[in-house]
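Before any comments, here is the structure.
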Amino acid sequence: MRVFYHRIVLVLASLSAAVVIAACSQSVEEPVEEPAAPAESEAPLRTELDPVERGRLLIHGGGCHDCHTTKNPDGTPDMTQMLGGHPQDIIITAPFQPREGEPWFVATNATLTAWSGPWGVSFAPNLTSDPTGLNLTQRNFVIALKTGAHLGTARPILPPMPWTEYRNLPDEDLEAMWSYLQSIPPIANRVPEPLPPAAQ
Ligand code: HEC
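Below is the structure:
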């Protein structure tokens with residue numbers, strides 16, 4: 035009974051608060067219109083930051099090092115080879131073939147830079163500005179991440195590159211990522227072309 039009573043008091047108290055708020059807002063002659071919140075994908079992140087710094091945050095937060103930076107023996111990203119892609123001296127010649135009846139679908143190597151699955155083997159490319167890298171223009175970088183077309187114009191980008199997620203970012207954020215990639219030390223590392231799926 036006591037609990038019940040308290041509830042009623044609480045309800046009344048919040049009702050009267052609402053009435054007070056309503057009364058206050060009535061006295062304002064020109065109600066300030068709430069600006070409509072922009073859709074998430076349209077609002078660039080941290081616009082107060084310069085593009086290179088914003089790009090750095092987006093690259094880190096976007097998990098790009100997971101696949102595009104080779105790893106130290108303890109599994110941490112090897113920042114001396116930052117975003118240089120799959121190391122050219124780790125040679126992979128054939129896709130992983132899961133045994134019949136096993137649940138495994140995708141395999142990766144110790145550096146998490148080569149990925150084998152039903153699409154064959156994909157190698158995380160070198161994102162730095164070195165001549166051995168992808169050397170995408172800013173425009174083609176944005177188009178590639180928005181449309182999933184390799185180099186912005188060619189074959190579909192293979193898994194596990196999560197471009198279907200990154201495409202939700204506004205162009206300004208993708209452009210900022212590109213600007214950051216231009217600013218980091220170039221890494222000389224020629225990443226191999228993808229391998230086709232194993233013949234069935
Ligand atoms: C889960 C692993 C993974 C993550 C995370 C990842 N990538 Fe990739 N990325 C790849 C692989 C593998 C390829 C190569 C795909 C291919 O050959 O088609 C690739 C390809 C690319 C390409 C080349 C597109 C083209 O034109 O072929 C760009 C640019 C790129 N990634 C940028 C990024 C950026 C920026 C991030 C972080 C915001 C990122 N990637 C995160 C695995 C990943």
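My numbering numbers the first residue of the sequence shown as 35 and each following residue consecutively.
Glycine residues also receive a C-beta, built at the ideal position from the N, C-alpha and C atoms.
These numbers were taken from a predicted model, which means no experiment stands behind them.
1. I'd like to check one pair, residue 119 with residue 160: are the Cβ atoms closer than 8 Å?
2. Any heavy atom of ligand 1 closer than 7 Å to the beta-carbon of residue 194?
3. Can you list, in chain order, the residues of its chain whose CB lies under 6 Å from that of residue 122, leaving out five sequence neighbours each side?
4. Distance check for residue 174 and residue 202, CA to CA, integer angstroms please.
5. Can the beta-carbon of residue 162 be found closer than 8 Å to that of residue 221?
6. Could you pull out every residue in the same chain whose Cβ sits closer than 8 Å to the Cβ of residue 189, ignoring the five residues on either side in sequence?
7. Ignore the nearest five residues each way along the sequence and tell me which others in residue 208's own chain have a CB closer than 6 Å to its CB.
8. Please go through the same chain and pick out, in chain order, the residues whose beta-carbon is closer than 8 Å to the beta-carbon of residue 127, but skip the five residues on each side of it.
Short version:
1. yes
2. yes
3. 223, 224
4. Taken atom to atom, the span from the alpha-carbon of residue 202 to that of residue 174 is near 16 Å.
5. yes
6. 183
7. 176, 179
8. Within its own chain, the residues whose Cβ lies closer than 8 Å to the Cβ of residue 127, once the five positions on either side in sequence are excluded, are 229, listed in chain order.
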